[in-house]
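Protein chains: 2
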Amino acid sequence: MRYVMVQIPNKPASTMPPAPRPVPTSADVARLAGVSRATVSYVLNNTSAVRISEPTRRRVREAARELGYVPHAAARTLRAGHSRMVLMPTLPVPAGPLYSRFVHDFQGAMSRLDYTVVQYGASGVGGDEAARAWAELRPVAVLVPGTGIGPEGVAILKRSGARAVVTLGPEAVEGAHAMLLDQADVGRGAAGHLHARGRRRIGVVVPEEPGMELFSAPRLAGAREALRGADATVTELPLAYTEEAADALAARWRGLGLDAVFGYNDEYAMLLLRALRDAGLRVPEDVAVIGADDLLLGRLLRPRLSTVRITLPLGRELASLVDRAVRNPAAAPESHALFSVAVVHRDSS
Amino acid sequence: MRYVMVQIPNKPASTMPPAPRPVPTSADVARLAGVSRATVSYVLNNTSAVRISEPTRRRVREAARELGYVPHAAARTLRAGHSRMVLMPTLPVPAGPLYSRFVHDFQGAMSRLDYTVVQYGASGVGGDEAARAWAELRPVAVLVPGTGIGPEGVAILKRSGARAVVTLGPEAVEGAHAMLLDQADVGRGAAGHLHARGRRRIGVVVPEEPGMELFSAPRLAGAREALRGADATVTELPLAYTEEAADALAARWRGLGLDAVFGYNDEYAMLLLRALRDAGLRVPEDVAVIGADDLLLGRLLRPRLSTVRITLPLGRELASLVDRAVRNPAAAPESHALFSVAVVHRDSS
DNA sequence: TTGAAAGCGCTACCAG
DNA sequence: CTGGTAGCGCTTTCAA
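Sequence order for the protein chains is S and V. Under the UniProt record's numbering, think of the first position of the first sequence as 1, with each following residue one higher. Under the UniProt record's numbering, think of the first position of the second sequence as 1, with each following residue one higher.
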């Protein structure tokens with residue numbers, strides 16, 4: 001006598017969610033093709049160490065196609081003990097054009113090296129908590145932008161099998177490779193330039209949009225630092241990215257007694273520059289203006305906008321760093337400064 | 001007599017890669033805490049169906065902390081049979097500001113609903129091949145921008161357990177929910193506006209940057225279509241995003257005999273507008289200019305740039321659509337047109 | 001309150 | 001050339 005387990009619906013069939021056809025597995029393919037699961041695996045992975053007759057191969061492929069079989073990445077990863085996923089947490093703010101391009105290039109370069117780059121939607125948690133969430137995915141490498149990770153987080157990732165951790169931020173983190181990229185340099189460059197041009201009462205725009213302090217705070221701090229000890233003042237200028245806010249700021253400009261402004265980036269600078277001119281101020285005579293990022297559009301406005309040009313690391317170079325690090329995880333962490341900053345003096349300062 | 005397997009290095013120890021300390025598993029935690037793996041699982045997942053004594057809980061947590069234990073997502077997914085990952089293939093081009101913001105909002109909304117959004121770096125393959133690669137990850141939902149998937153691809157994903165497939169493109173795909181979003185509408189809007197303003201010989205900028213044809217081709221086609229049968233001509237104007245290219249185009253402008261131009265988007269439009277004016281042409285008298293995307297910067301240029309405003313679906317609304325679809329996979333696919341297009345007439349046309 | 005064990009889907013070893 | 005099978009790390013019944 002044999003017994004068979006039968007699934008008993010615990011609700012009337014009419015209210016049950018329609019039984020989703022179960023996802024086909026390699027066992028289903030094997031059954032349909034009349035071979036073993038091992039053979040299926042050999043055929044579908046073109047395992048060269050093993051010879052499978054052509055008719056068998058055809059039967060297996062045919063069965064897989066018929067069932068719409070797709071292998072299960074999690075199972076494969078579990079079995080293999082490693083994957084080729086490179087994890088990149090997404091920024092907590094919408095990406096700007098420079099960063100978008102950088103990520104795109106990096107992704108292209110990595111896929112040419114046969115890695116898969118995955119941008120992981122940060123779930124709001126931070127610090128070691130975030131590092132743990134990333135570690136759960138067992139990526140082969142992690143590329144962390146900003147200051148979202150510390151030595152403890154790096155250790156967590158490495159203990160979980162990450163063969164390379166690379167940070168993209170202002171300072172190297174113990175145990176991780178670093179692409180040095182300090183937003184404060186941008187503020188230093190801008191403030192230094194304005195000071196060199198003879199300006200002494202310098203405003204620094206700070207976007208009011210939430211999350212932007214990630215970039216604006218170091219840029220402001222850099223400006224402050226560059227002028228420390230010099231006979232100059234730095235005034236923080238909160239500004240929302242709207243025409244109205246810019247006009248309002250321009251309207252009370254004369255009362256501020258400033259002779260120069262660093263506009264956070266080219267977009268805010270262009271916005272403010274236009275508002276200042278509309279308010280009757282002369283640029284650069286009454287007020288010098290400088291932006292950052294060297295957007296093409298900044299060159300179109302008149303007067304042409306001075307700016308701080310930022311060179312992000314090339315996706316290719318970073319990809320090759322990651323690849324080397326993965327291949328040789330024992331190597332000492334490298335610090336690179338492919339990021340660089342250069343003042344471009346045009347007409348607005 | 002018992003035998004024990006011993007791992008024999010096949011190279012001299014000095015040239016061996018340093019044996020990476022194996023990643024701790026829940027079994028290691030159990031061993032260290034002196035309990036079973038089941039207990040570890042109960043404690044770390046706060047399983048409420050089971051009471052574990054407080055001292056035991058502490059011992060387990062302490063052991064986990066000491067080892068730096070992080071659970072293995074692949075194993076958990078495999079066991080659970082499902083995950084809460086929402087897959088979003090990355091665009092084949094760097095994202096623009098509108099799209100970046102949209103993705104950011106969507107991600108935030110999804111994580112509030114307790115899903116994890118993952119942007120998956122497309123490996124260059126396309127069509128059903130790409131769909132299969134996505135299906136390997138067994139995402140609970142897939143959000144596909146553009147025209148990167150057909151009915152066959154949707155079927156593959158659903159057979160692999162995806163409970164919702166949503167496309168973000170010009171037309172609904174069999175079996176998938178759709179957020180209708182046709183770039184051709186932008187071209188239609190722009191061309192219609194220019195024609196209504198009395199222009200008849202209309203140029204359409206087509207960016208030369210690789211990959212942009214994804215967006216520029218439908219915009220051009222939409223413009224052509226809007227003017228079909230009207231007494232108007234459409235001229236394709238290839239343009240690279242550099243000042244030199246814009247100046248070169250402006251230099252031969254009079255020879256082209258055009259009285260209006262749709263600049264692909266605001267950035268190209270601003271670039272070209274400036275070059276045309278520098279070449280001595282009057283805007284809008286000699287040539288009307290219109291862009292698209294309604295960037296704030298377009299309002300700063302003089303004359304103020306006319307534009308086609310594009311409203312992307314809100315991240316929140318899309319997130320709720322995805323969530324509903326996941327909860328009720330049997331529901332008929334919905335088509336929404338939260339995307340909309342409106343001509344904003346300013347001074348340049 | 002805790003432990004033993006099955007099994008998710010896959011690949012790689014070894015035997016036939 | 002092909003099949004049987006162990007085991008990757010985890011959760012979850014069932015039994016003690």
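Even glycine gets a Cβ: it sits at the ideal position worked out from N, Cα and C. Remember, it's a predicted structure, so these values are computed and weren't measured experimentally.
Residue i versus residue j - alpha carbon distance
i	j	result
residue 407 (chain S)	PRO145 (chain V)	Nothing can be reported for residue 407 (chain S): it is not among the residues displayed for chain S, which extend from 1 to 349.
SER340 (chain S)	LEU300 (chain V)	30 angstroms
SER123 (chain S)	VAL86 (chain V)	13 angstroms
THR15 (chain V)	TYR42 (chain S)	Residue placement at THR15 (chain V) is flagged as unreliable, the pLDDT there being 35, under the threshold of 50; a coordinate-derived value is accordingly withheld.
ARG76 (chain V)	ALA109 (chain S)	31 angstroms
ALA288 (chain V)	TRP253 (chain V)	13 angstroms
ALA331 (chain S)	LEU318 (chain S)	16 angstroms
ARG228 (chain S)	GLU152 (chain S)	33 angstroms
ALA155 (chain V)	GLU129 (chain V)	13 angstroms
MET212 (chain V)	ASP182 (chain V)	15 angstroms
VAL50 (chain S)	VAL40 (chain V)	41 angstroms
ARG197 (chain V)	GLU285 (chain V)	11 angstroms
VAL29 (chain S)	LEU67 (chain S)	7 angstroms
HIS72 (chain S)	ARG138 (chain V)	7 angstroms
VAL283 (chain V)	TYR241 (chain V)	20 angstroms
GLU62 (chain V)	GLY127 (chain S)	20 angstroms
VAL140 (chain S)	ALA162 (chain S)	5 angstroms
LEU239 (chain V)	ALA248 (chain S)	37 angstroms
LEU44 (chain V)	GLY96 (chain V)	42 angstroms
Test item: CB-CB of residue i and residue j under 7 angstroms
i	j	result
PRO94 (chain S)	HIS104 (chain V)	yes
ASP347 (chain V)	ARG304 (chain V)	yes
VAL234 (chain V)	VAL261 (chain V)	no
ALA164 (chain S)	ALA325 (chain S)	yes
ALA184 (chain S)	VAL308 (chain S)	no
PRO333 (chain S)	ALA232 (chain S)	no
ARG188 (chain S)	ALA230 (chain S)	no
LEU312 (chain V)	LEU157 (chain V)	no
LEU237 (chain V)	LEU297 (chain S)	no
ALA74 (chain V)	ALA74 (chain S)	yes
ARG201 (chain S)	GLY257 (chain S)	yes
Buried or exposed (CB count within 10 angstroms, at least 16 for buried), residue i
i	result
ARG277 (chain S)	buried
GLU209 (chain S)	exposed
SER100 (chain V)	buried
THR116 (chain V)	buried
HIS82 (chain V)	exposed
VAL70 (chain V)	buried
GLY263 (chain S)	buried
ASN265 (chain S)	buried
MET5 (chain S)	Only weak support exists for where MET5 (chain S) lies, its pLDDT of 30 falling under 50; the value from the coordinates is given anyway. So MET5 (chain S) ends up on the exposed side.
SER48 (chain S)	exposed
ALA342 (chain S)	exposed
LEU292 (chain S)	Sequence inspection shows Ala at residue 292 (chain S); the Leu mentioned does not correspond to that position. Buried is the call here.
VAL142 (chain V)	buried
GLU267 (chain S)	buried
Contact list for residue i against chain V, beta-carbon separation under 7 angstroms
i	result
PRO71 (chain S)	GLU136
THR107 (chain S)	Here residue 107 (chain S) is Gln; the residue named in the question, Thr, does not match the sequence. Correct list: THR90, GLY121.
ARG132 (chain S)	VAL70
Beta-carbon neighbours of residue i, restricted to chain S and to distances below 8 angstroms
i	result
THR116 (chain V)	TYR120, GLY121, SER123
GLU267 (chain V)	LEU296, LEU297
HIS195 (chain V)	The contacting residues do not exist; HIS195 (chain V) stays about 27 angstroms from chain S at best.
ARG254 (chain V)	Chain S residues near ARG254 (chain V): none, gap ~21 angstroms exceeds 8 angstroms.
9 angstroms Cβ cut-off: residues of chain V touching residue i
i	result
ILE156 (chain S)	GLY68, VAL70
residue 350 (chain S)	Outside the shown range of chain S (1 to 349) lies residue 350 (chain S), about which nothing can therefore be said.
Whole-number beta carbon distance between residue j and residue i, since they are thought to touch under 8 angstroms
i	j	result
HIS336 (chain S)	MET88 (chain S)	Actually they are not in contact, since the Cβ atoms of HIS336 (chain S) and MET88 (chain S) sit about 17 angstroms apart, beyond 8 angstroms.
SER160 (chain V)	VAL118 (chain S)	Incorrect: roughly 18 angstroms between the Cβ atoms, too far for contact.
GLY222 (chain V)	VAL173 (chain V)	Contact flag wrong, Cβ pair sits at about 20 angstroms.
SER349 (chain V)	ILE290 (chain V)	5 angstroms
LEU272 (chain V)	ALA246 (chain V)	5 angstroms
Beta-carbon neighbours of residue i, restricted to chain S and to distances below 7 angstroms
i	result
ALA74 (chain V)	ALA74, THR77, LEU78, ARG138
GLY161 (chain V)	VAL23
ARG274 (chain V)	LEU300
Contacts of residue i in chain V (Cβ-Cβ under 8 angstroms)
i	result
LEU271 (chain S)	LEU296, LEU297, LEU300
ASN282 (chain S)	Contrary to the premise, residue 282 (chain S) reads as Arg rather than Asn in this sequence. Result: empty, since nearest Cβ-Cβ is about 16 angstroms, beyond 8 angstroms.
MET110 (chain S)	GLY121
ARG101 (chain S)	PRO94
heavy atom of the ligand MG below 6 angstroms from residue i C-beta
i	result
LEU67 (chain S)	Absence of the ligand MG is noted for the structure shown, with no ligands found whatsoever.
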